[in-house]
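2 protein chains.
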Amino acid sequence: MTKNPKQPTMIDVAHLAGVSPMTVSRALKPNTSVSEATRSKIRAAADELGYVLDSTAAGLSSRRTGFIAVTIPSINNANFADTLRGLTQVLRATNMQVLLGYTDYDVAEEERLVEQFLRRRPEAIIVTGHAHTDRCRRMLEKCGVPVIEMWDLPENPIGQVVGFSNAQAAKLMVDHFVGQGYRKIGFIGGDPSRDTRGQDRRQGFLAALEAHGLDTSRMIAAQRPPITMREGAHSMRLMLEKWPDIEALMCVSDLSAFGAMTECQRQGLRIPDDIAIGGFGAYDLAEQALPPITTIDVSSENIGRIAAQVIQNLLSSEATKTSETIHRIEPKLLARDSSLRHTER
Amino acid sequence: MTKNPKQPTMIDVAHLAGVSPMTVSRALKPNTSVSEATRSKIRAAADELGYVLDSTAAGLSSRRTGFIAVTIPSINNANFADTLRGLTQVLRATNMQVLLGYTDYDVAEEERLVEQFLRRRPEAIIVTGHAHTDRCRRMLEKCGVPVIEMWDLPENPIGQVVGFSNAQAAKLMVDHFVGQGYRKIGFIGGDPSRDTRGQDRRQGFLAALEAHGLDTSRMIAAQRPPITMREGAHSMRLMLEKWPDIEALMCVSDLSAFGAMTECQRQGLRIPDDIAIGGFGAYDLAEQALPPITTIDVSSENIGRIAAQVIQNLLSSEATKTSETIHRIEPKLLARDSSLRHTER
DNA sequence: TTGAAAGCGTTACCAA
DNA sequence: TTGGTAACGCTTTCAA
Chain U
1 MTKNPKQPTM IDVAHLAGVS PMTVSRALKP NTSVSEATRS KIRAAADELG
51 YVLDSTAAGL SSRRTGFIAV TIPSINNANF ADTLRGLTQV LRATNMQVLL
101 GYTDYDVAEE ERLVEQFLRR RPEAIIVTGH AHTDRCRRML EKCGVPVIEM
151 WDLPENPIGQ VVGFSNAQAA KLMVDHFVGQ GYRKIGFIGG DPSRDTRGQD
201 RRQGFLAALE AHGLDTSRMI AAQRPPITMR EGAHSMRLML EKWPDIEALM
251 CVSDLSAFGA MTECQRQGLR IPDDIAIGGF GAYDLAEQAL PPITTIDVSS
301 ENIGRIAAQV IQNLLSSEAT KTSETIHRIE PKLLARDSSL RHTER
Chain F
1001 MTKNPKQPTM IDVAHLAGVS PMTVSRALKP NTSVSEATRS KIRAAADELG
1051 YVLDSTAAGL SSRRTGFIAV TIPSINNANF ADTLRGLTQV LRATNMQVLL
1101 GYTDYDVAEE ERLVEQFLRR RPEAIIVTGH AHTDRCRRML EKCGVPVIEM
1151 WDLPENPIGQ VVGFSNAQAA KLMVDHFVGQ GYRKIGFIGG DPSRDTRGQD
1201 RRQGFLAALE AHGLDTSRMI AAQRPPITMR EGAHSMRLML EKWPDIEALM
1251 CVSDLSAFGA MTECQRQGLR IPDDIAIGGF GAYDLAEQAL PPITTIDVSS
1301 ENIGRIAAQV IQNLLSSEAT KTSETIHRIE PKLLARDSSL RHTER
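Chain order of the listed sequences is U and F. Going by our numbering, the first residue of the first sequence is number 1, and it counts up by one from there. Going by our numbering, the first residue of the second sequence is number 1001, and it counts up by one from there.
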């Protein structure tokens, strides 16, 4: 590793190229009025010195850091990964960089992250869900940059929203189960203190059962998220012990649904003949499992893409700024063998 | 959203608290000599104004940005997610922030990311693997901060290394298969142009087969990574068409192994009686699948933790800086039902 | 198209 | 323990 006691600055490049630093600054960005001759001379000088622009200084001076701060509950989650992918894809064109943090489904950790991130002076901030500590909410409200809450439909949004109704998503599954003729229907997952989206699904699930006049007792609350396959299997064991008559089961995510399904299979139960299974999130796993698992698709990647577009819109100087504040996604049910009656296949 | 035409600065806080900006700067960091009275006065003033430190300015002035740049091939990958978790956990104590980018297994994209990241003046940079474009390698070599290559054992390391031998990992699986009495052994995955780690596993696999004097023809190259479950299933179909006599199969990752296994099951083959399956990566899925899938554990989280410790060490002013450059992890085989002969269970 | 001067908000350094 | 001064490396702004 060559020891570089000091990285070259714009001034060094300017000296070598025989121009002023200001011209270097311009020459290094596109769409600036610099003659081709000067520009290539400067490029050569920069290359020779191994010059690398210092965005820290640039950001301080221009008050545009190029950061979009994003917090998600978990990095090891295909849904949020998809959202992030959609986000970065759209953002790439804008030269914006994502500053990513994960909260582990903990609002206190979210607060810590948001505080750290705001120091970086991001040009917008995206958080997952509507649950925040009071202090975090206050910080977001007066941070002076666009705030997006995603993956949820908050009752009192801080700024923009790109999300869907988790309750409605769960209702889709209940309606599907009922349409397939199942009546003794259960749910696994949904921790009120941490996974508010899971909890919303649980509540929507209950409400939908009630709307159909069905028994609502077959509920197993999960451990703290992330709800793993293993916990799905564990909860399934409890469920079968307590309500062996259960006909159909929704899990808070496809991962726990897979765990629940394999537990059933281990116990010799057939899916869906003995028990129907539904998940959430449209994971690859749900499609690839044997049998494929019925799930709900909320187009995670699209959430990210839309969020990025909202930001682009808000940051573009053109005063086209949409007044729209809620960008609502419609969850879709993907009916698969794990819940389809033989006669309907 | 309250319109804040201008965020308050340290000077505003200093005025309100009746001290100098310098004292504010000190009061806001721990372990600085400021009297308790002054400190709390300043804290109150900062709170009242809703002051948020500007790390951009702080970084410019102190030349310490608090960023550790990290590139991984994919965000939607439990292994790299675990590495990242280990990394951030250790780094949290240091007040370092991870600047994360994913390359999609593309060295050109890695180059783009590294260039972007170096502008942020990170205090260290961590990349995955040894394959870089020439330009990227040059940038890393002369960036002036510690460089770590992880998840691999490069022949010509740029700086520090925290990794393991992918070839050796594959050899573990071959030896296991052979020990179980399998002889007609195949491999799925390993794209030389992109997934060099997968390719290394493939090569190690071949070498191990040869060492045992076994036939090395049963190889199916995968599509470009990430190798999904679906591609595992697809490759399995090809494999069974071409070599229906195959007795044991290793896949480049647990995901493709799961896809391959479900494809076998769909075709009525029993695991491991008709065909044994092995994966890589110790995903939850491998443990939870039916039957559980034999895999290789490289302790992904540990890779991240060690990388973070190496960085802490390198950045600490104490000249304890370890001369050690290669931090080698030992892959471990987790033998499970998907490859264990009945008699050995 | 190019340049000079004046910050951007913070911290290093030295002095009190 | 506190404060004054001078950067840090760039961009904004205005002028040539």
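Ideal placement from N, C-alpha and C gives every residue a C-beta, glycine not left out.
| said: Run through chain F and tell me which residues come within less than 9 Å of Thr294 of chain U, C-beta to C-beta. | reply: As a first step, residue 294 of chain U is located in the first sequence; it is residue number 294 there, counting from the start. None at all; the shortest Cβ gap to chain F is about 17 Å.
| Below 8 Å between beta carbons: does that hold for Pro331 of chain U and Val298 of chain U? | As a first step, residue 331 of chain U must be located in the first sequence, where it is residue number 331. As a first step, residue 298 of chain U must be located in the first sequence, where it is residue number 298. Result yes, Cβ atoms of Pro331 of chain U and Val298 of chain U sit closer than 8 Å.
| Short-range partners of chain F found in the segment 52 to 65 of chain U, where Cβ spacing is below 7 Å | Val52, Leu53, Asp54, Ser55, Thr56, Ala57, Gly59, Leu60, Thr65
| At least one CB of chain U closer than 8 Å to the CB of Thr1038 of chain F: is that the case? | Stepping through the second sequence from its first residue, residue 1038 of chain F is reached at position 38. Cβ-Cβ to chain U under 8 Å: no for Thr1038 of chain F.
| said: Is Gln1265 of chain F close to chain U? Criterion is C-beta to C-beta, closer than 8 Å. | reply: Along the second sequence, read from residue 1 onward, the residue named residue 1265 of chain F stands at position 265. Interface residue, yes.
| said: Taking its Cβ as the centre, do 16 or more other Cβ atoms sit within 10 Å of Arg1011 of chain F, making it buried, or is it exposed? | reply: In the second sequence, residue 1011 of chain F corresponds to position 11, counting from 1. The sequence shown places Ile at residue 1011 of chain F, not Arg. Classification of Ile1011 of chain F: exposed, given that the 10 Å Cβ count is below 16.
| request: Please state if the CB of Ala78 of chain U and the CB of Ala45 of chain U are separated by a distance shorter than 8 Å. | output: Start at 1 with the first residue of the first sequence, and residue 45 of chain U comes out as number 45. Start at 1 with the first residue of the first sequence, and residue 78 of chain U comes out as number 78. Not in contact: Ala45 of chain U and Ala78 of chain U (Cβ atoms no closer than 8 Å).
| request: With 9 Å as the limit, tell me which residues of the segment 1070 to 1086 of chain F have their beta carbon closer than that to any beta carbon of chain U; keep them in chain order. | output: Ser1074, Ile1075, Asn1076, Asn1077, Ala1078, Phe1080, Ala1081, Asp1082, Leu1084, Arg1085
| query | Which stretch, first to last residue, makes up the beta strand (DSSP E) that contains Asp297 of chain U? | reply | Residue numbering aside, residue 297 of chain U sits at position 297 when the first sequence is read from its first letter. 295 to 297 is the span of the beta strand (DSSP E), which, as asked, contains Asp297 of chain U.
| message | So for His1176 of chain F, helix, strand or coil by DSSP? | response | Locating residue 1176 of chain F in the second sequence gives position 176, counting from the first residue. Note: His1176 of chain F maps to helix in three-state DSSP.
| Interface positions of the segment 1216 to 1235 of chain F facing chain U (Cβ-Cβ less than 9 Å), listed along the chain | Thr1228, Met1229, Arg1230, Gly1232, Ala1233
| said: Suppose you measure from the CA of Val1161 of chain F to the CA of Arg1328 of chain F; what does that come to, to the nearest Å? | reply: Start at 1 with the first residue of the second sequence, and residue 1161 of chain F comes out as number 161. Start at 1 with the first residue of the second sequence, and residue 1328 of chain F comes out as number 328. Each residue's Cα considered, the two are about 8 Å apart.
| query | Going along the chain, which residues of the segment 133 to 153 of chain U sit with their C-beta nearer than 7 Å to a C-beta in chain F? | reply | Glu141, Lys142, Gly144
| said: Buried or exposed for Gln1199 of chain F, going by 16 or more other Cβ atoms inside 10 Å? | reply: What you label residue 1199 of chain F is simply residue 199 of the second sequence in a count that begins at 1. Classification of Gln1199 of chain F: buried, given that the 10 Å Cβ count is 16 or more.
| Hey, Leu1255 of chain F and Ile1227 of chain F are a contact pair by Cβ (cut 8 Å); roughly how many whole angstroms apart? | For the purposes of this step, residue 1255 of chain F is identified with residue 255 of the second sequence, where counting begins at 1. For the purposes of this step, residue 1227 of chain F is identified with residue 227 of the second sequence, where counting begins at 1. With 8 Å as the limit, Leu1255 of chain F and Ile1227 of chain F qualify as a contact, their Cβ atoms being about 7 Å apart.
| task | Pull up the distance between the alpha-carbon of Pro146 of chain U and that of Phe164 of chain U, whole angstroms please. | result | Taking the first sequence and counting its residues from 1, the one referred to as residue 146 of chain U is at position 146. Taking the first sequence and counting its residues from 1, the one referred to as residue 164 of chain U is at position 164. If I take the Cα positions, the gap works out to 20 Å.
| Alpha-carbon spacing of Thr1032 of chain F relative to Val1024 of chain F, whole angstroms | Position 32 of the second sequence, counting from 1, holds the residue named residue 1032 of chain F. Position 24 of the second sequence, counting from 1, holds the residue named residue 1024 of chain F. Their Cα atoms are separated by approximately 11 Å.
| task | Output yes or no for whether 8 Å exceeds the beta carbon distance between Thr56 of chain U and Arg1064 of chain F. | result | Working through the first sequence from its first residue, we reach residue 56 of chain U at position 56. Working through the second sequence from its first residue, we reach residue 1064 of chain F at position 64. Not in contact: Thr56 of chain U and Arg1064 of chain F (Cβ atoms no closer than 8 Å).
| message | Using the three-state DSSP reduction, which class does Met1096 of chain F fall into: helix, strand or coil? | response | Translated into the one-based positions of the second sequence, residue 1096 of chain F becomes position 96. DSSP places Met1096 of chain F in coil when its eight states are reduced to three.
| How long is the line joining the alpha carbons of Ala131 of chain U and Ala308 of chain U, rounded to whole angstroms? | Your numbering for residue 131 of chain U matches position 131 in the first sequence. Your numbering for residue 308 of chain U matches position 308 in the first sequence. Each residue's alpha carbon lies about 21 Å from the other.
| Going along chain U, which residues have a C-beta under 7 Å from Gln1160 of chain F? | Residue numbering aside, residue 1160 of chain F sits at position 160 when the second sequence is read from its first letter. Ordered by position in chain U, no residue passes the 7 Å Cβ test against Gln1160 of chain F, which lies about 10 Å from the chain.
| 6 Å Cβ shell around Glu247 of chain U - same chain, five flanking residues per side excluded | Taking the first sequence and counting its residues from 1, the one referred to as residue 247 of chain U is at position 247. Within the same chain, Glu247 of chain U has close Cβ partners Tyr182, Lys184.
| said: Assuming contact is defined by CB atoms lying nearer than 8 Å, are Leu1099 of chain F and Phe1067 of chain F in contact in what I supplied? | reply: Your numbering for residue 1099 of chain F matches position 99 in the second sequence. Your numbering for residue 1067 of chain F matches position 67 in the second sequence. Their beta carbons are under 8 Å apart, which means Leu1099 of chain F touches Phe1067 of chain F by this criterion.
| said: Can you give me the C-alpha to C-alpha distance between Ala1124 of chain F and His212 of chain U, rounded to a whole angstrom? | reply: Along the second sequence, read from residue 1 onward, the residue named residue 1124 of chain F stands at position 124. Along the first sequence, read from residue 1 onward, the residue named residue 212 of chain U stands at position 212. Their backbone Cα atoms lie some 58 Å apart in a straight line.
| request: Residues of the segment 270 to 296 of chain U with a CB closer than 9 Å to any CB of chain F: list them in chain order, please. | output: Asp284, Leu285, Glu287, Gln288, Ala289, Leu290
| Opening and closing residue of the beta strand (DSSP E) in which Gln1265 of chain F lies | Within the second sequence, the letter at position 265 stands for residue 1265 of chain F. Premise fails: Gln1265 of chain F lies in the alpha helix (DSSP H), 1254 to 1266, not in any beta strand (DSSP E).
| request: Using the Cα positions of Thr2 of chain U and Glu1115 of chain F, report the straight-line distance between them to the nearest angstrom. | output: Taking the first residue of the first sequence as 1, we reach residue 2 of chain U at position 2. Taking the first residue of the second sequence as 1, we reach residue 1115 of chain F at position 115. Unreliable placement is indicated for Thr2 of chain U, whose pLDDT of 35 sits below 50; no coordinate value is reported for it.
| query | So with Cβ pairs under 8 Å, would you call Arg197 of chain U a contact of chain F? | reply | Numbered from 1 along the first sequence, position 197 holds the residue referred to as residue 197 of chain U. No, because no Cβ of chain F sits closer than 8 Å to the Cβ of Arg197 of chain U.
| field | Boundaries (first-last residue) of the alpha helix (DSSP H) holding Phe1067 of chain F | value | For the purposes of this step, residue 1067 of chain F is identified with residue 67 of the second sequence, where counting begins at 1. Counting along the chain, Phe1067 of chain F falls outside any alpha helix (DSSP H), though it belongs to the beta strand (DSSP E) covering 1067 to 1072.
| query | For the beta strand (DSSP E) that Gly1186 of chain F lies in, which residues bound it at each end? | reply | Position 186 of the second sequence, counted from the first residue, corresponds to residue 1186 of chain F. Gly1186 of chain F -> beta strand (DSSP E) spans 1185 to 1188.
| Given a threshold of 16 other Cβ atoms within 10 Å of its Cβ, counted over all protein chains shown, does Ile1042 of chain F qualify as buried or as exposed? | As a working mapping, residue 1042 of chain F is identified with position 42 in the second sequence. Buried, because 16 or more other Cβ atoms sit within 10 Å of the Cβ of Ile1042 of chain F.
| Taking 8 Å as the CB-CB cut-off, is Met1001 of chain F touching chain U? | Against the second sequence, residue 1001 of chain F aligns to sequence position 1. Confidence at Met1001 of chain F is low in this model, with a pLDDT of 36, below 50, so its placement is unreliable and no value can be given for it.
| request: Using only alpha-carbon positions, find the residue among F:Ser1074, F:Lys1142, F:Leu1060 that is nearest to Gln7 of chain U. | output: As a working mapping, residue 7 of chain U is identified with position 7 in the first sequence. Nearest C-alpha to Gln7 of chain U: F:Lys1142.
| field | Interface partners of Thr348 of chain U on chain F, CB under 8 Å | value | Summary: the structure shown does not reach residue 348 of chain U, with chain U confined to residues 1 through 345, and so no result is reported for it.
| request: Taking Gly259 of chain U as the query, report the chain F residues whose CB atoms sit under 8 Å from its CB, ordered along the chain. | output: Mapped onto the first sequence, residue 259 of chain U falls at position 259. Per Cβ cutoff of 8 Å: Gln1288.
| said: Using a 10 Å radius around the Cβ and a threshold of 16 neighbouring Cβ atoms, would you call Asp1274 of chain F buried or exposed? | reply: Start at 1 with the first residue of the second sequence, and residue 1274 of chain F comes out as number 274. That one is exposed.
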